[in-house]
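Numbering (our numbering), first residue to last: 1 to 315.
C-beta: ideal position from N, C-alpha, C; glycine also.
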Ligand SMILES: [Zn+2]
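Spelled out as structure tokens, the structure:
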């Protein structure tokens, strides 16, 4: 049987693509993703949950597949550090697969409680966890300033551990679906003010950039210069024009040195590339502003040694 020449041609192209993948990643400038999730594959309503933008089901059917596919996207885009929050046993699996790249996050939402304080202290002190977050208080009908979080915030302040708080949005119909106590009002970044007053040394970042609370986000960040924000999820889920206008407003308000990239990859590994594209396509940003968002601001916030060096995936 004769194989048409075009097939050989295609095979050559495919091999070349595979062969070039590591160099392509190395050519890309480094990125820090401040907001990824180490979730089990079924966390977002079961394996095969459609991507809310593309409508395509998650390609990762098992926890292991989801982790591997996400780490592969990190390699593809040269993401050198990623804050990954989720149930602790999943976070630790990701951390042991990629200890240099993954920064473990202590996650809180309607199904995942925070660990007890002493355990949390041990994990922070041992470096197994590096961030208190994502604190998704809104999903359980709580303000981030609720007394429930007080001892955890005090611990983060004492140990100088960064804290990431969910703000702003949730999926359509959230109170009718997963989370009957979810309220729009608990996503308002202004609620962080009491936290910041009580804990002046807290290194806090507003997740999802506070969208759609533009004025409140500007107000908090203007008065509290220690507060940073990530652009997770809004950089790929909301309409692109709306995202760009919002980002442009934050930049115009003089906050360009405190805005950080985040993907909020949950169970769709392709979300990482979609989120990066959301920043890359912002024509009003200079190359320097993009580098600040993709890397410099997060490196400063996390107090990383510069430059960051890590071993390749799987090593
Ligand atoms: Zn969130």
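Check your understanding: Relative to ligand 1, is the shortest distance from any of its heavy atoms to the C-beta of residue 107 smaller than 6 Å?
Key -> By one-based count along the chain shown, residue 107 stands at place 107. It does not: the Cβ of residue 107 is nowhere closer than 6 Å to a heavy atom of ligand 1.
Review point. Within the structure, which residues are defined as neighbours of ligand 1 by a Cβ-heavy atom distance below 6 Å, reported in chain order?
Key: Here the list is 134, 136, 166, 207, 208.
Check your understanding: For residue 111, does the three-state DSSP call read helix, strand or coil?
Key -> Numbered from its first residue, the chain shown carries residue 111 at position 111. Looking at residue 111 - three-state DSSP - the assignment turns out to be coil, as it is neither helix nor strand.
Review point. In the stretch 64 to 134, which residue ranges form an unbroken beta strand (DSSP E) of at least 3 residues, counting only runs that do not cross its ends?
Key: Qualifying beta strand (DSSP E) stretches, in chain order: 79 to 86, 102 to 108.
Review point. Of all the options 271, 212, 84, which has the alpha carbon lying nearest to the alpha carbon of residue 249?
Key: As a working mapping, residue 249 is identified with position 249 in the chain shown. Taking the Cα of residue 249 as reference, the smallest distance to any Cα among 271, 212, 84 is reached at 212.
Exercise for review: Note the first and the last residue of the continuous alpha helix (DSSP H) segment covering residue 153.
Suggested key: Taking the first residue of the chain shown as 1, we reach residue 153 at position 153. In this chain, the alpha helix (DSSP H) harbouring residue 153 covers 150 to 159.
Exercise for review: Measure the alpha-carbon distance for residue 297 versus residue 272 and round it to whole angstroms.
Suggested key: Reading the chain shown from its first residue, position 297 is the one you call residue 297. Reading the chain shown from its first residue, position 272 is the one you call residue 272. Residue 297 and residue 272 have their C-alpha atoms some 19 Å from each other.
Practice item. Take residue 268 and list the residues in its own chain whose beta-carbon comes closer than 7 Å to its own, dropping the five residues that flank it on each side. Key: The sequence position of residue 268 within the chain shown is 268, counting from 1. So the qualifying residues of the chain are 51, 58.
Check your understanding: Nearest to residue 137 by CA position, among 180, 101, 158, is which residue?
Key -> Walking along the chain shown from the start, residue 137 turns up at place 137. From the listed residues 180, 101, 158, the smallest Cα separation to residue 137 is found for 180.
**Study point:** Which of helix, strand or coil DSSP assigns to residue 230
**Key:** Here the question's residue 230 lines up with position 230 in the chain shown. Residue state, collapsed to three classes: strand.
**Study point:** Coarse secondary structure for residue 210, derived from DSSP in three states
**Key:** Residue 210 sits at position 210 when you count from the first residue of the chain shown. DSSP places residue 210 in helix when its eight states are reduced to three.
Check your understanding: What do you reckon, are the CB atoms on residue 293 and residue 238 nearer than 7 Å?
Key -> On the chain shown, position 293 is the one that residue 293 refers to. On the chain shown, position 238 is the one that residue 238 refers to. For residue 293 and residue 238, no; Cβs fall outside 7 Å.
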